[in-house]
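The structure under discussion appears below in the form of structure tokens.
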Amino acid sequence: MSGVTQVNDRGSGAPPTAAVLDRERLRELFDLRSSYNARSGGDYEDDPNPVWRELRERGPVHEGIVHELTGYDRPAMFQGLPYPDRPHFSVFSFDVCDQVFRDNETFASSPQAVDPTGGQIGASSSMLSMGGAQHRRYRALVQPSFVPARGPWWITNWIEETVHALIDRFAGDGAAELNVDFCAAIPVLTITSSFGVAVEEALHIREVLNDPPEVIRMLAPIVAARREAPQDDLISVLVQAEITDEEGVRHQLSDHEIYTFAILLLLAGSGTTWKQMGITLTALLRRPEVLEAVRADRSLLRPAVEESVRWSPTDPMFARFATRDVELGGLRIPRGSVVHLCLGAANRDPARWDRPDEFDIHRPMKRSLGFGSGAHVCLGMHVARAEITVGIGALLDRLPNLRLDPAAEPPRLIGMYERGATEIPVLFDR
Ligand code: HEM
């Protein structure tokens, strides 16, 4: 790894070259069972849905933590954990999860006030942890780059070329492993190249995400370069953004605020989309007649992605902190409690969906909680949808007769708080 970050000055329309990605490093980083993912219960290999169904049938809210209630007895970390000194409750129904997501006066995203201008840089100082007007001010700065109308900006600048460069690497082989060699690489390359990070550095930035000073070292030359000469990319959006503070004074974002945004986008945008794309591909490849229907009619790709996000959301749990004593689903929740929202269970609530355990791309479209709900609803959901539909669409276009390798172990979905597929070995005609 070079000591100095290479700034990608190719600007918009100049894609990353995925050929330089090191396959072995990708494998180490993007195996759910690797030490990198072990903290969130990567070694959980069961299907949690039968237990969640049983819990939901007994009541919408239970005292306890999702993984413990599910029968996973090793330590697992995620948003809202560990906080051993607070009471913990978990919600399993759609209506109550949605109610909590939408009431961030009573259910805050963070146990304390957030200071985005100083202190430690990371998700806990980002807008993900903010509430009310502070959250709205910060979110408004980046929202315009993530609206559906910006889809083509993401697709033509970064997604399409990345997807095709990755397929070029295996299209002549007649066989591939799609989860790591394809799905994992797309989101990390999309978000890093939208920052102007050179593709050679993309994996390193992903590797050191939990080491903010190292991420900052890599981003600093880009932020400085974009302050000098803005381009058509995301860091340029951030250096040009102006925020109005509580006193009504407008100011540009500090470097500290920009790094915080960048780290949040990297954290929130790369692992999630990788795993959801793998889940979608697994669901389709394991149902050849559904894959065939999508191959024949690409307009079915979009409902297939929505159904995958409902049926098996990659992050099946997020948390909130009760700001006052409150009653929820028949239980008294004391102020200060952590309330875990099991969206995985909420998304299979039979009160909202018929045959909720079935993966059915033809079911009537209804909002699920896979991208969250309320003020913090996923900022990047349209980018994620674009990455997955462009990615799978290109596989279908370029790899005739794409199918699971019958000689290999078929992919399974594993993981507790970050769910995704095991390897996805496929064959296709050359
Ligand atoms: C399929 C892939 C994805 C899934 C399933 C997903 C899921 C979610 C969920 C459930 C939340 C709500 C968290 C909460 O309420 O506490 C969220 C928030 C967020 N997501 Fe995503 N996400 C995905 C992809 C992305 C991508 C590609 C990006 C960025 C490029 C992104 C950026 C964010 C950000 C910045 C937030 C925080 C929004 C806020 O606090 O207002 N996500 N995501």
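All residue numbers for the sequence shown refer to numbering that gives the first Met the number 0, where the first residue is 0 and numbers rise by one.
We put the CB at the ideal spot given by N, CA and C, even for glycine.
As the structure is a prediction and not an experimental result, all values here were calculated from the model.
Check: residue i C-beta below 7 Å from any heavy atom of ligand 1
| i | result |
| --- | --- |
| residue 76 | no |
| residue 271 | yes |
| residue 377 | yes |
| residue 339 | no |
| residue 264 | yes |
| residue 314 | yes |
| residue 267 | yes |
| residue 370 | yes |
| residue 308 | yes |
| residue 126 | yes |
| residue 235 | no |
| residue 101 | no |
| residue 109 | no |
| residue 133 | no |
| residue 98 | no |
| residue 383 | yes |
| residue 366 | no |
| residue 194 | no |
| residue 190 | yes |
| residue 275 | yes |
| residue 147 | no |
| residue 143 | no |
| residue 186 | yes |
| residue 106 | no |
| residue 138 | yes |
| residue 317 | yes |
Residue burial classification, residue i (beta-carbon count within 10 angstroms, cutoff 16)
| i | result |
| --- | --- |
| residue 129 | buried |
| residue 84 | exposed |
| residue 146 | exposed |
| residue 288 | exposed |
| residue 12 | Because residue 12 sits at a pLDDT of 37, beneath the cut-off of 50, its placement in the model cannot be relied upon, and the following sentence gives the value as read from the coordinates. Residue 12 is exposed by the Cβ-count criterion. |
| residue 363 | exposed |
| residue 298 | exposed |
| residue 361 | exposed |
| residue 246 | exposed |
| residue 126 | buried |
| residue 248 | exposed |
| residue 132 | exposed |
| residue 111 | exposed |
| residue 161 | buried |
| residue 76 | exposed |
| residue 187 | buried |
| residue 291 | exposed |
| residue 66 | buried |
| residue 412 | buried |
| residue 419 | buried |
CB-CB length for residue i against residue j, believed under 8 Å
| i | j | result |
| --- | --- | --- |
| residue 60 | residue 95 | 6 Å |
| residue 410 | residue 423 | 5 Å |
| residue 388 | residue 301 | 6 Å |
| residue 351 | residue 93 | 5 Å |
| residue 386 | residue 185 | 5 Å |
| residue 122 | residue 322 | With a Cβ gap of about 20 Å, residue 122 and residue 322 do not count as contacting. |
| residue 373 | residue 100 | 4 Å |
| residue 47 | residue 390 | Contact flag wrong, Cβ pair sits at about 26 Å. |
| residue 282 | residue 307 | 6 Å |
Residue range of the beta strand (DSSP E) that includes residue i
| i | result |
| --- | --- |
| residue 406 | No beta strand (DSSP E) holds residue 406; DSSP gives it neither H nor E. |
| residue 424 | 424-426 |
| residue 154 | Counting along the chain, residue 154 falls outside any beta strand (DSSP E), and DSSP gives it neither H nor E. |
| residue 76 | Residue 76 -> no beta strand (DSSP E), and no H or E assigned at all. |
| residue 241 | 241-243 |
| residue 89 | 87-90 |
| residue 340 | 337-341 |
| residue 187 | Not the beta strand (DSSP E): residue 187 falls in the alpha helix (DSSP H), residues 184-194. |
Where the alpha helix (DSSP H) containing residue i begins and where it ends
| i | result |
| --- | --- |
| residue 50 | 48-57 |
| residue 67 | 65-69 |
| residue 275 | 270-284 |
| residue 380 | 380-397 |
| residue 93 | 93-101 |
| residue 217 | 211-227 |
| residue 246 | Note, residue 246: premise wrong, no alpha helix (DSSP H); not H, not E. |
| residue 203 | 198-206 |
| residue 321 | No alpha helix (DSSP H) contains residue 321, which is instead part of the beta strand (DSSP E) from 316-321. |
| residue 352 | Note, residue 352: premise wrong, no alpha helix (DSSP H); not H, not E. |
Near ligand 3: residue i beta-carbon under 7 Å from a heavy atom
| i | result |
| --- | --- |
| residue 380 | In the structure on display, ligand 3 does not appear, and the ligands it does have are ligand 1. |
Those residues which DSSP pairs with residue i across a bridge
| i | result |
| --- | --- |
| residue 327 | 330 |
| residue 61 | 89 |
| residue 176 | 424 |
| residue 344 | DSSP, once it has assigned bridges, lists no residue as partnering residue 344. |
| residue 402 | 426 |
Short CB-CB distance (under 8 Å) between residue i and chain C
| i | result |
| --- | --- |
| residue 78 | Absent from the structure is chain C; it holds one protein chain and no more. |
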